[in-house]
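The listed protein sequences derive, respectively, from chains A and B.
Heads up: the first sequence begins at 2 in this note's numbering, then just goes up one per residue.
Heads up: the second sequence begins at 2 in this note's numbering, then just goes up one per residue.
We put the beta carbon where it would ideally sit given N, CA and C, even for glycine.
Shown next, in structure tokens, is the structure this report addresses.
There are 2 protein chains.
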Amino acid sequence: MRSILVSSWGKPWRTGGEFSWKKVEYRLKETSRTSRSSLPVLVEHIKPERIVIVVLDTVAEKICSNYQKLCKMVEERYLDFIQKELEILEEVKVIVTPGVGSFELKFKGEMMDFYHYVFFELSRELIGLEKQCEVHLDITHGLNFAPVLLHEALENILGILAYTKNIKFSIYNAEPFIPETKEKSSLTIHRIEYRDVYPSLSPNRLGGKGEARLLAVREEHKKDTEFCKKVSKAAKVSNSKELNAFLSGIVNGLPLCLYTFCPNTQRLEKKLFLAVKEWRKNVEIRSGEVERKVSFTPDFTNCVKLWLAAKSFNIERKEAVVLEELEERMRKIFGYERSKEALISHELAKIKEEAEAKKKELNKWKLLRTLFSGERISPSFDRRNFLAHAGLEYNVTELRYS
Amino acid sequence: MRSILVSSWGKPWRTGGEFSWKKVEYRLKETSRTSRSSLPVLVEHIKPERIVIVVLDTVAEKICSNYQKLCKMVEERYLDFIQKELEILEEVKVIVTPGVGSFELKFKGEMMDFYHYVFFELSRELIGLEKQCEVHLDITHGLNFAPVLLHEALENILGILAYTKNIKFSIYNAEPFIPETKEKSSLTIHRIEYRDVYPSLSPNRLGGKGEARLLAVREEHKKDTEFCKKVSKAAKVSNSKELNAFLSGIVNGLPLCLYTFCPNTQRLEKKLFLAVKEWRKNVEIRSGEVERKVSFTPDFTNCVKLWLAAKSFNIERKEAVVLEELEERMRKIFGYERSKEALISHELAKIKEEAEAKKKELNKWKLLRTLFSGERISPSFDRRNFLAHAGLEYNVTELRYS
């Protein structure tokens, strides 16, 4: 996939059924279309390979027997609007995200569920981007907190993908429709941002001081200890230390850490899916009310980030790596972060030189310290030394010639 | 200043004068207030030392003789609303930002002017934050693109300040007011985000391939070559190479670059002020129309970022730096970026050791290469080597004992 258009949408219709989005002329450069939405013009102008609309479950006007059905109902109403009213023939993916507040129905839960849920869903879409790609975000119809958090999620996802992809990111917004003006409106769609994405990943460690969990029971239900235990068990991350080491490998530029602690992406993805399933299972639907008893934790999104990184870096866990592979992969992953890349290749070059010189001794694994005997080398492991040598510290790194 | 509350606001009143923001009960934990805005509850709950409201000039309903007066009129209307309707007694700063679109008046210009302008104005506010501080953003009343771009600006500003400050960042959003519901509404204000800010600065170089300019003439006026020349001259950045070297010092962790190329913050600030003045001078007001003939460039914001960095790092340009000062400052600036900090202190420790050993020779400046003769040292300058040694490369760094 080379291009994707993501839109944040509010509610195009009133409760009675009448449309609240008026038909106006939307205009983007030479393209213009009279429509209830900016979508048709954007689709025509950008010609994205994929279209994703992010909406909120809070637009639901009646309850269903379970949450999945409620989301399905919302999704279908939007698809109907997109096909019949907007006459969009392209395939459109509608992501129904969890909102909070009193509307036709009352939705109880954590507002940040929106962020975590959309982060996961969008990550699964965007992992399919090619090396040269474009991401377009339209916030014209976004309401309230949704475009802000969607934008933040996108920024974070794209920051991770930018380690290995060249991404152009655009944001669009149409001039607002003013109901008071009588004249026939024409709303210009502005590209309010257009830029290259630089690689970035925040050093958010999993678990803080305690154990990492992907879900948390909401305050109101914490008294139900049985329930808490059950959720806690289902949401536990058993390998958070290793995941943190992988994170450190990216943030601090430690090539062997990346290979040693690279998570199994299939297993991690399954873990995330199970958490979403557990979360969904604990949405209770009562008369006029939808309550999410469980919420996603920041560690849920931290795990999604590492899943994205591991999957897009295209490496797999190894105990030992061929030096040339290490050089080549690190150039690709840290090519934009010049000082990291320079330090790594400097350290690898030193090791390579030594390996060539001491070929004969290297028919079995040798600690680097025993090879570099001539230099001022710390006789014991030191954390800062480890970081200053891109993780290729002489007391913990072994070398072999094969 | 230890805490600041920033809010993004739309228009609280209709053109006739009637309020469009209804009086409802806003509730945040134990605090509640019936008001037309979330502001009173937030002020009571957070007790911020400073309050900033970001509004758009497009709410203006009649023209003034110049743009500054138009902004002043908008500012006063909001202050009046804040004092009389919301009964806020604390001092409030209203930032009137440039918007685009057809409202009571028609506003022509670049939409991104909003981002660049608010970036500068907020930077000037936030530079006053203490080492331990809190930043609160309320997006309840934000409309359209404004909260998205305001949030992005804040994220970028705080990322730079986080090199030297511990910042807690919160975002608030009230449940939306639904006009259709008949019952007395109570809107809960949710803290939708709460987190520590990590240091970050994108490697956006000034000028790209050409010369850096803080302002650009908009497409429609490019034919007026005299005008273009005038603006180009006023907006020229003469020291962009040095500014880029300073940027590289931060992004790549090069301590001597920071000192060698640290910009004069007063001069840079003056340059930015002059650009804003020139931009404002070129806003034309005609009957029913406000046109900005000139727009801010991304380099304007790139310069603001470097101004923020230089000012908050609390360093000043020096040709030579005492080693202990270098160690101490770098620990403060790169304390969060552990691998950068480890590499820098590793390199400085090596130099210190050598300096102690060769004290007698060091009564005048000596190139590091001539001191470290024992090691494998490149005989000529090499860019990657420079980066791999935190900029303390042996062919370009000199040492003296005093």
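Between the C-alpha atoms of A/V93 and A/N303 there is a straight-line separation of about 28 Å.
For B/D197, the uninterrupted beta strand (DSSP E) run begins and ends at 187-197, by DSSP. Under the criterion of beta carbons closer than 8 Å, A/L244 and A/L307 qualify as touching, at roughly 5 Å. For A/A175, the uninterrupted beta strand (DSSP E) segment begins and ends at 167-175.
When the five nearest sequence neighbours on each side are left out, the beta carbons in the same chain lying within less than 6 Å of the beta carbon of B/S201 are those of G160, in order along the chain. For B/I140, the CB contacts under 6 Å within the same chain, skipping 5 residues up- and downstream, are S9, P148, N174 in chain order.
Exposure of A/S379 is indicated by the presence of fewer than 16 other C-beta atoms within 10 angstroms of its C-beta. Boundaries of the alpha helix (DSSP H) around B/D300: 299-314. In this structure, the straight-line span from the alpha carbon of A/W14 to that of A/Q84 is close to 15 Å. Chain order gives no chain B residues near A/R78, where near means a beta carbon separation below 7 Å; the closest approach is about 18 Å. Taking 8 Å as the upper bound for CB-CB distance, B/W280 and B/F297 are in contact here, some 6 Å apart. Here B/I316 is buried: its Cβ has 16 or more other Cβ atoms, across all protein chains shown, within 10 Å. Assignment of A/I5 by DSSP, reduced to helix, strand and coil, places it in the strand class.
Taken in chain order, the whole alpha helix (DSSP H) runs of length 4 or more contained in the segment 29-67 of chain B are 40-47.
The C-beta distance from A/L369 to A/Y395 rounds to 4 Å, short enough to meet the 8 Å contact threshold. Taking C-beta separations shorter than 8 Å and ignoring five residues to either side along the sequence, the partners of B/L273 in its chain run F121, L215, F301, C304, V305, W308, following chain order. Nearest CB-CB separation between A/M112 and chain B: below the 8 Å threshold. Neighbourhood of A/S239 in chain B, by CB distance below 8 Å: empty, with the nearest CB roughly 25 Å away. In the structure shown, A/V322 adopts coil according to DSSP, grouped into three states. Using a Cβ-Cβ cut-off of 7 Å, A/S381 is close to nothing in chain B; its nearest Cβ partner there is about 16 Å away.
Beta-bridge partners of A/W14 (DSSP): A/F20.
Residue pairing of A/Y27 in beta bridges, as defined by DSSP: A/R34, A/L188. Taking 8 Å as the cut-off, the Cβ atoms of A/K361 and A/R401 do not count as close. Per DSSP, the continuous alpha helix (DSSP H) segment holding B/L275 begins and ends at 266-282. For secondary structure counted as the beta strand (DSSP E) over 3 or more consecutive residues, the segment 196-256 of chain A holds these complete runs in sequence order: 216-218. Across the structure, B/K353 and A/I168 are spaced so that their CA atoms are roughly 43 Å apart. For a cut-off of 8 Å, the C-beta gap from A/G129 to B/P177 is around 33 Å, too long to register as a contact. For B/R293, the uninterrupted beta strand (DSSP E) segment begins and ends at 290-293. Residues of chain A with a Cβ closer than 7 Å to the Cβ of B/Y199 are, in chain order, S203, P204.
Cβ contact annotation for B/N67 (same chain, cutoff 7 Å, sequence separation greater than five): I286, in chain order. Among the CB atoms of chain B, none fall inside 8 Å of the CB of A/A356. For the segment 41-68 of chain A, no residue has a beta-carbon sitting nearer than 7 Å to a beta-carbon of chain B. Rounded to whole angstroms, the gap between the alpha carbons of A/G143 and B/V7 is 21 Å. With fewer than 16 other Cβ atoms from the protein chains shown falling within 10 Å of its own Cβ, A/D81 counts as exposed. Within chain A, no C-beta atom comes nearer than 7 Å to that of B/H117; the closest sits roughly 11 Å away. Residue contact check for A/A389 against chain B: a CB pair falls below 8 Å.
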